[in-house]
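Working notes for the structure below.
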Amino acid sequence: MRERLLDGVPRRAMAWLAALLAALLAAPWLANDYLLTVLIIILYFAYTGQAWNIMFGFAGQLSLGHAIYVGLGGYAAAALYVHFGIGPWIGLVAAVALGAACGAIIGFLAFRFGVGGVYFAILTIAFAEFARIGFDHFSWVGGSGGLFLPVANYSQSDIWNLRGKPIMFYYVILALTVAAFLLCHVLLRSRVGYYWQAIREDEAAARALGIDTFRYKMYAVVISAGMTSVAGVFFAFYYNNLFPEQVFSIGRSIEIILGPIIGGAGTLAGPIVGAFLLTGLAETMWELLRAVGLDAPGTRQVFYGLVLLVIIIVQPAGVWPWLARLLGLEKPRS
Amino acid sequence: MPSLELVLNVALGGILAGLVYGLMALGLSVIFGVVRVVNFAHGEMMTIAMYLAVTLFAAFGLDPLIMLVPIAAVLFALGYAMQAGLINPFISRPEHSQFMLLVAIALIMTNVLLIVFGPDAQSVQTSYSLDSFLVGPLIVDATKAYAAVAALLVALALFVFFRFTLVGKAIRACADNYVGALVVGLDVKHLYALTFGLGAACVGAAGAMLVLVIDVTPPLGPALTLLAFVIVITGGLGSMPGALLGGVMIGLTEALAGLFFTPSAKSMFSFGLLVLVLLFRPQGILGKKAS
Amino acid sequence: MTALLSIDAVSKRFRGLLAVDNVSFGVAPGSIFAVIGPNGAGKTTLFNIIAGVLVPDQGSITFAGQRVDGLRPDDICRRGIGRTFQLVRPFPALSVEDNVIVGAMLHRPHLTAARAHAHAVLRRLDLFGKRDQLASALTLPDRKRLEVARALATDPKLLLLDEVMAGLRPAETDRMVAILTTLNRETGLTILLIEHVMRAVMALAERVLVLHHGAAIAQGSPDVVVREPAVVESYLGAEAVD
């Protein structure tokens, strides 16, 4: 097991990772409240980006409707909590089941009928929009008026019900991000990961090597969807409210993909690097604009769009491969 | 249960609006059919045209239908610049790379509009905004009628252009055979930019028409993009009559769904239709099956 | 001889065109069998039928005693038939080693074992020194050998090679012929190849099938087949003989 995890990882990379992990573990004691909030957002996007990256970066299936899994997961856990008092760790099971099932349906429909590439992306958008409008009319979970979780000012952190101070949420999302990172690392070294990459590169050639591409694409979609639903549970209990218009919106779906694309799709560190870079830059920009009085709604999104544009044109493989070269973390090529 | 008259009125209104949507989708189809780029910023470009019409009307009192040609010309220039400046280098890149480029552009467009115009709905109220005609037992909104006629005229002009002009034929040559066109000496990059410009002009014209019929807000952009895709995929990607047919079908479906169910749920039917088409007849109703 | 692969009266039609016309032949285990003929003769269509990409309209294909016509391409590979593509299809973003590991993982699900097997295959194909290079950085002859290595890593009993010599210079062709001959001799791997390069066909094949307009016009040992008048007239031309 240790060999599977650590085998082949360059020493330098391990050192950097260890340093990063140490910094992140210590962060709440060093950062002020505002910075902690920003870090939570960064880690949230690193996590969802990592989950999305499995579908696209590893298996090559472009999903532009990933917000649907966040929404389904969030609503499932939140509804169970609000209506039946069921805690989020149990609600998690329902959330993941629902998200994975939705992914399975989308994947099955798409792959059985040969819908790929851009058409697949459009299909995912359509499903997300369908969910958005559907939940607007779903009164048991509040409809368009929203679903609210009871908030109380707890001085103690109640981790069982995910009620508490930001520092508790921070460690939860940090744990999730680390787990996602390790999972992706293990997956990439396993048959699943190799087969995914083969499918991404050339599906017909992959089939000629004995790969049941339908099955493996389904794995990618279901795992990615299930993982993203977990983020939905976190989202619901952290923000304490869910509105279909926001949670399922295409803007949210695009936010999810920004980190991995900017950081480097298909790489392990890409989503994390991308999340830090993007949110870090965005917050800095926001502060600057606020000081000058130019912080109109929509500025942040314009900024995201510009960064995405620049990266796609200048460095389409993302920031991480370039950064890795700079830090000397690449494997030697004969 | 609504009366037959009401159903027919709503249906007719849907068909007329559908022709305008069809024109929008026509632009998308033209762009995809020739340049093979999926223009994810299509609806956003239409929203720009709509805001342009609103601004011109508010500032100078100019009727959007009269401003149709200038607005289309502005959008033509925008489309040409986009293709020539940003998109052309991406032709040889993998398709999701192109897609992402346009996602980024769409994101920027929508939010710049939000910053400039704010989130509130804006509209154009002309002297005939509340007029209607009586056609037998049916009531036809004047705005929808004029918009539909304008849409058909623009579509016809486009058809004539591609069929009978030299440039139009050159563009069709590029679409059929990229390398062949290069070999014969056609300036493909210029023709691509021209085509994108034409697609943008369609959207500009459609926007000028649509602003008479519905209000404009920045989030309308992504909604229209999605609608354009639904129409084009339903009617047949790359088929010009298919785009118009798809537009009419979607306009009709949405109008009737709005009548029999709740108006806010009408998009669900369009999406349902999209899913069905993608699964069972991905080339669309009038499209050609990809080899 | 019980043929390892048996093609029985296989036909395939595309709308108006009869691409494969009632073709029958058998490939003996451990032998090297070549299919030759002019362009458009139906060779690649035949290959695609065997490999499961196309379904024959008529006839049957039997491999190791079992019917395989109509199976999916990945099923065919799992049964023991590996194939290469006429226009090579490496996984561009993966290294040479990773490309072959993908193939090796069919029967060796764990990375360590798969990598070890991949290394063995790479050595056989003279690519071990380049194992860390990206597949997209390889020259054409190297890509051709990578294509063979990858298919070989799936432990096939029968290897289908689609114009694997195309685009190679004579020295490279000889190198590939040497590799294939050694492979066949040392492991008993059965090879079915489509080829235009007669130099390779004459050096490798024990039996040859000639296709023309989808139909088999000659079958037999290479020396005999290349002298048959029908073959000379339709494909080789008089200068090619001797």
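First to last, the protein sequences are chains A, D and G.
Using this note's numbering, read the first sequence as starting at 5 and increasing by one per residue.
Using this note's numbering, read the second sequence as starting at 7 and increasing by one per residue.
Using this note's numbering, read the third sequence as starting at 10 and increasing by one per residue.
All C-beta atoms, glycine included, are put in the ideal place defined by N, C-alpha and C.
All values reported here derive from a predicted model rather than from experimental measurement.
- Closest option to residue 249 of chain A, judged by alpha-carbon separation, among A/36, A/59, A/13, A/150: A/150.
- Under the DSSP definition of a beta bridge, residue 104 of chain G partners with G/143.
- At a beta-carbon threshold of 7 angstroms, none of the residues of chain G lie near residue 58 of chain A; the nearest stands roughly 16 angstroms away.
- Non-local C-beta neighbours of residue 208 of chain D in its own chain, meaning closer than 6 angstroms and more than five positions away in sequence, comprise 29, 32, 33, ordered along the chain.
- In this chain, residue 236 of chain D is not harboured by any beta strand (DSSP E); it is covered by the alpha helix (DSSP H) spanning 226-241.
- Using a CB distance below 8 angstroms, the part of the stretch 131-142 of chain A facing chain D consists of 131, 133, 134, 137, 138, 140, 141, ordered along the chain.
- Residue range 14-23 is occupied by the beta strand (DSSP E) that includes residue 17 of chain G.
- With a contact defined as Cβ atoms closer than 8 angstroms, residue 41 of chain G and residue 200 of chain G qualify at about 5 angstroms.
- Only exposed fits residue 125 of chain G, as fewer than 16 other CB atoms lie within 10 angstroms of its CB.
- Residue 97 of chain G sits buried, since 16 or more C-beta atoms from the chains shown fall within 10 Å of its C-beta.
- DSSP places residue 306 of chain A in the helix class (H, G or I) of the three-state scheme.
- Looking at the backbone, the Cα of residue 259 of chain D and that of residue 71 of chain A are separated by about 27 angstroms.
- Taking 9 angstroms as the threshold, the shortest C-beta distance from residue 257 of chain A to chain G does not fall below it.
- Straight-line spacing of the CA atoms in residue 332 of chain A and residue 23 of chain A works out to 16 angstroms.
- In the three-state scheme derived from DSSP, where H, G and I count as helix and E and B as strand, residue 140 of chain A is classed as helix.
- Per DSSP, the beta bridge partners of residue 224 of chain G are G/221.
- Counting along the chain, the unbroken alpha helix (DSSP H) around residue 54 of chain A starts and ends at 37-57.
- For the stretch 166-180 of chain A, the beta-carbon criterion of a distance under 8 angstroms to any beta-carbon of chain D is satisfied by none of its residues.
- Residue 148 of chain G has a beta carbon lying at 9 angstroms or more from every beta carbon in chain A.
- In the three-state scheme derived from DSSP, where H, G and I count as helix and E and B as strand, residue 195 of chain A is classed as helix.
- Taking a beta-carbon distance threshold of 9 angstroms, residue 30 of chain D does not count as an interface residue toward chain A.
- With respect to the 9 angstroms criterion, residue 36 of chain G and residue 18 of chain G are not classified as neighbours on the basis of their beta carbons.
- In the same chain as residue 224 of chain D, and ignoring 5 residues on each side of it, the C-beta atoms closer than 6 angstroms to its own belong to 116, 119, 120, in chain order.
- Within the stretch 260-272 of chain D, the residues whose Cβ lies closer than 8 angstroms to some Cβ of chain A are 268, 270, 271, listed in chain order.
- Judged by DSSP in its simplified three-state form, residue 71 of chain G adopts strand.
- Under a criterion of Cβ atoms nearer than 8 angstroms, no residue of chain G is adjacent to residue 37 of chain A; the nearest Cβ is some 43 angstroms distant.
- If you draw a straight line from the Cα of residue 27 of chain A to the Cα of residue 294 of chain A, it is about 29 angstroms long.
- In terms of Cβ geometry, residue 198 of chain A and residue 213 of chain G do not form a close pair [threshold 9 angstroms].
- The DSSP assignment places complete alpha helix (DSSP H) segments of no fewer than 4 residues inside the stretch 89-145 of chain D at 101-123, in order along the chain.
- Those residues of the stretch 293-321 of chain A placed with their C-beta closer than 7 angstroms to a C-beta in chain D are 300, 301, 302, 303, 305, 306, 308, 309, 310, 312, 313, 316, 320, ordered along the chain.
- Using a Cβ distance threshold of 9 angstroms, residue 80 of chain G and residue 61 of chain G count as a contacting pair.
- The DSSP-derived three-state label of residue 273 of chain D is helix.
- Listed in chain order, the non-local C-beta contacts of residue 270 of chain A below 6 angstroms within the same chain comprise 61, local neighbours out to five positions each way being set aside.
- A residue is called buried when at least 16 other Cβ atoms come within 10 angstroms of its Cβ; residue 87 of chain A does not meet this threshold and is exposed.
- In terms of Cα proximity to residue 157 of chain D, the closest of D/134, D/144, D/212 is D/212.
- By the neighbour-count criterion, in which 16 or more other beta carbons inside 10 Å mark a residue as buried, residue 48 of chain G falls on the exposed side.
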